[in-house]
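Residue numbers (the numbering used here): 1 to 202.
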Amino acid sequence: MARLVERRKALGLTQEGLARLAGFSTSLMAKIERGAVDLRSLSAQHVVGLAKALGLPLNALLDEDLPGGEVAKPLLLPVYRAPEDLAREDVERFAITPEQVPPGAEVSRLAYLTLPGRWFTTLDVPFPLTRRVHVMAELRPLVRPGGVYVVRHGEGMGFATDEALRGSRLALYPLDPSLPTLWLEGERPEVVGLVRAWLTWE
Numbered sequence: 001m002a003r004l005v006e007r008r009k010a011l012g013l014t015q016e017g018l019a020r021l022a023g024f025s026t027s028l029m030a031k032i033e034r035g036a037v038d039l040r041s042l043s044a045q046h047v048v049g050l051a052k053a054l055g056l057p058l059n060a061l062l063d064e065d066l067p068g069g070e071v072a073k074p075l076l077l078p079v080y081r082a083p084e085d086l087a088r089e090d091v092e093r094f095a096i097t098p099e100q101v102p103p104g105a106e107v108s109r110l111a112y113l114t115l116p117g118r119w120f121t122t123l124d125v126p127f128p129l130t131r132r133v134h135v136m137a138e139l140r141p142l143v144r145p146g147g148v149y150v151v152r153h154g155e156g157m158g159f160a161t162d163e164a165l166r167g168s169r170l171a172l173y174p175l176d177p178s179l180p181t182l183w184l185e186g187e188r189p190e191v192v193g194l195v196r197a198w199l200t201w202e
């Protein structure tokens, strides 16, 4: 376990970052590193996720033989919790593996947007907003029929489906109850990005 911790630190990952990347909770990651949970008792999905996150072959974890040498480093994407954060450089980073980059995406334009928060959305956006969500978006004008876009109108930013943007009227509902609903008729918000994926956890 000490060598597993060394590998995590060498990759620049926190316990929380590695847990998210591997697809399980931070508390489980802490138990693994303390030796309170044997890797062999985990589900195959958890072990495979951990091996991928650490850039190791599966048998390296199960045989407790962590090899040295080069490993594929995770990519660190910025995490924006509110629209105004998009102008900041000093934000939290979220690690993904190179395999998790959507096909055709420009890595330097990828970011995670945390919901709920000071964002707006059309009602047909398929996010499970009863839970915390990280939305992976490619922040550049990028249009895909049937897609979900990151949009901007004045100071407000949010999410709208391709179908909603093609309608004559558009309502952007706030995810923060302290914000007003944006009613747009005859005008459209600026498309600033394309949603590529989303990730949920408790």
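Yeah, the Cβ is synthetic: ideal placement off N, Cα and C, and Gly gets one too.
If you compare the alpha carbons of V37, A53, A10 with that of A22, the shortest gap goes to A53. Under DSSP, W183 forms a beta bridge with A171. Judged by pairs of C-beta atoms under 8 Å, the segment 108-117 does not touch the segment 41-58, as fewer than three such pairs exist. Nearest to R93 by alpha-carbon distance, out of T26, T14, P174, is T14. Per DSSP, the continuous beta strand (DSSP E) segment holding L113 begins and ends at 110-115. Under the 10 Å beta carbon count, P189 is surrounded by 16 or more other beta carbons and is classified as buried.
Using a Cβ distance threshold of 8 Å, P74 and L11 count as a contacting pair.
Minimum Cα-Cα distance from R144 among the listed residues L165, E84, T97 corresponds to L165.
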